[in-house]
């Protein structure tokens, strides 16, 4: 009987031991489950706040949790997201890099591509380009066809004027994704920076072909780029035809557009149209932006023989910006014209005034002494003396100088005594010719002394 009772107690002891063990296991599992559930609850709450753009709320929850528990890659990732949402870029970078370090230590990669992308983006935003390039290149090691990394590397290299590298990455992007118009626009800008204007035109046209709904601002930028290509290729008519389309928006006339149109018109020899453009639109441009327009207008007036009008508009430009291009040098150069107003008789586009003045000063009898009339110069003949008067307030250009020589050869007067009157002389390249050695140059003070009115 005692053995029976002992057996019962033994069985009861084993039973209670098993129950205690099971209870302990249940408590441990429950503790682990509750800990995991609490962690997931916090992470889900943080994630939900970020999705709702409640970044401050998300950050407060994450930092509270971090005080109690050790951080993991997801927690630091969410903290980084919250800081990024609050535009605190440096704090965001710090936490993203902590998350990345944990991922690398634990040899996991669930968040690594996203972390690399965000770090590259943030470093790009704060213009720490070397760091951004490093992260984007790490992405490409994982996936060489990652479009986001290829695009951003192209943009960074373009912004830092490393155009060949920019071209390399945007071309890789286009090889993978050929229907993105923005990629062709970026490549066109890169081509322009590399002075590859033909391919710039080709790619900007591809951009227009692929684009369905272009914003007015982007459309304008693209057309201006195309016009710049044409100007660089000296296709001034094509550029002008694009640019004049912008004049329809009379409320938003840009000085840069007017300036480019003037450059085109001057190179098209449409000087009168250039002057009219200035008269029509100058006052529609803010006063502070008129300098470049007046500068180009001066060139146009000079070309049509309105020398003193050119000086007037250049003076106006100088009052706006004395340091603009070579305005100060121009004013010094042409100061002699202001001090000797009678020079207008020579440089005026009034032909009768010019001829009468020159015949009088050369002591010639009549217009029969005029041997040759050219736009830029006249040739007068008196017995064995040939006088060439250059009508431009600039040195005689090589091409014009050769034309003078050819004319005299055709007339058979190459052995005459030749006097060349040019206020600013001739270009240096002309002085090495045999023709120059045969003539007498009257320029500078000698020119003024000969023609000045008493």
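In my numbering, the protein residues as written are 3 to 456.
For each residue, glycine too, the CB sits at the ideal point set by N, CA and C.
Computed from a prediction, not measured in an experiment: that's the story for all the values here.
Limits of the unbroken alpha helix (DSSP H) element including residue i
{"i": "residue 405", "result": "400-413"}
{"i": "residue 248", "result": "Where residue 248 is concerned, there is no enclosing alpha helix (DSSP H), given that its DSSP letter is neither H nor E."}
{"i": "residue 140", "result": "131-144"}
{"i": "residue 363", "result": "353-363"}
{"i": "residue 197", "result": "Looking at the DSSP string, residue 197 is not in any alpha helix (DSSP H), and its letter there is neither H nor E."}
{"i": "residue 95", "result": "91-107"}
{"i": "residue 334", "result": "329-335"}
{"i": "residue 166", "result": "165-178"}
{"i": "residue 259", "result": "257-269"}
{"i": "residue 70", "result": "57-70"}
{"i": "residue 230", "result": "218-234"}
{"i": "residue 367", "result": "Per DSSP, residue 367 belongs to no alpha helix (DSSP H) and is neither H nor E."}
Per DSSP, the bridge partner or partners of residue i
{"i": "residue 428", "result": "398"}
{"i": "residue 452", "result": "Looking at the DSSP assignment, residue 452 forms no beta bridge with any residue, so it has no partner."}
{"i": "residue 392", "result": "379"}
{"i": "residue 76", "result": "Bridge partners of residue 76: none, in fact."}
{"i": "residue 423", "result": "391 and 444"}
{"i": "residue 384", "result": "387"}
Cβ-Cβ distance between residue i and residue j below 7 Å
{"i": "residue 141", "j": "residue 118", "result": "yes"}
{"i": "residue 296", "j": "residue 319", "result": "yes"}
{"i": "residue 425", "j": "residue 452", "result": "no"}
{"i": "residue 131", "j": "residue 95", "result": "no"}
{"i": "residue 216", "j": "residue 229", "result": "no"}
{"i": "residue 326", "j": "residue 293", "result": "yes"}
{"i": "residue 346", "j": "residue 380", "result": "no"}
{"i": "residue 199", "j": "residue 234", "result": "yes"}
{"i": "residue 138", "j": "residue 101", "result": "no"}
{"i": "residue 246", "j": "residue 298", "result": "no"}
{"i": "residue 356", "j": "residue 306", "result": "no"}
{"i": "residue 91", "j": "residue 61", "result": "no"}
{"i": "residue 52", "j": "residue 99", "result": "no"}
{"i": "residue 384", "j": "residue 370", "result": "no"}
{"i": "residue 93", "j": "residue 85", "result": "yes"}
Residue i to residue j span [Cα, whole Å]
{"i": "residue 220", "j": "residue 317", "result": "36 Å"}
{"i": "residue 349", "j": "residue 194", "result": "40 Å"}
{"i": "residue 150", "j": "residue 174", "result": "12 Å"}
{"i": "residue 394", "j": "residue 190", "result": "41 Å"}
{"i": "residue 256", "j": "residue 206", "result": "22 Å"}
{"i": "residue 143", "j": "residue 266", "result": "48 Å"}
{"i": "residue 120", "j": "residue 209", "result": "28 Å"}
{"i": "residue 418", "j": "residue 389", "result": "10 Å"}
{"i": "residue 64", "j": "residue 147", "result": "34 Å"}
{"i": "residue 184", "j": "residue 54", "result": "30 Å"}
{"i": "residue 133", "j": "residue 126", "result": "8 Å"}
{"i": "residue 408", "j": "residue 341", "result": "35 Å"}
{"i": "residue 304", "j": "residue 225", "result": "30 Å"}
{"i": "residue 41", "j": "residue 104", "result": "Note that residue 41 scores a pLDDT of 49, beneath 50, so its modelled location is shaky; the value from the coordinates is reported in the next line. So the alpha carbons of these two residues sit roughly 17 Å apart."}
{"i": "residue 87", "j": "residue 286", "result": "43 Å"}
{"i": "residue 241", "j": "residue 258", "result": "13 Å"}
{"i": "residue 166", "j": "residue 156", "result": "9 Å"}
{"i": "residue 75", "j": "residue 153", "result": "27 Å"}
{"i": "residue 97", "j": "residue 268", "result": "59 Å"}
{"i": "residue 218", "j": "residue 203", "result": "19 Å"}
{"i": "residue 454", "j": "residue 344", "result": "7 Å"}
Residue span of the beta strand (DSSP E) that contains residue i, given as start and end
{"i": "residue 116", "result": "From DSSP, residue 116 is part of no beta strand (DSSP E) but of the alpha helix (DSSP H) over 114-127."}
{"i": "residue 375", "result": "372-375"}
{"i": "residue 443", "result": "441-444"}
CB contact check: residue i to chain C, cutoff 7 Å
{"i": "residue 89", "result": "The structure shown contains no chain C; it is built from a single protein chain."}
* **Segment contact, 8 Å Cβ cut-off, at least three pairs: the stretch 363-379 with the stretch 320-332** => In this structure the stretch 363-379 does not touch the stretch 320-332; the number of beta carbon pairs closer than 8 Å is below three.
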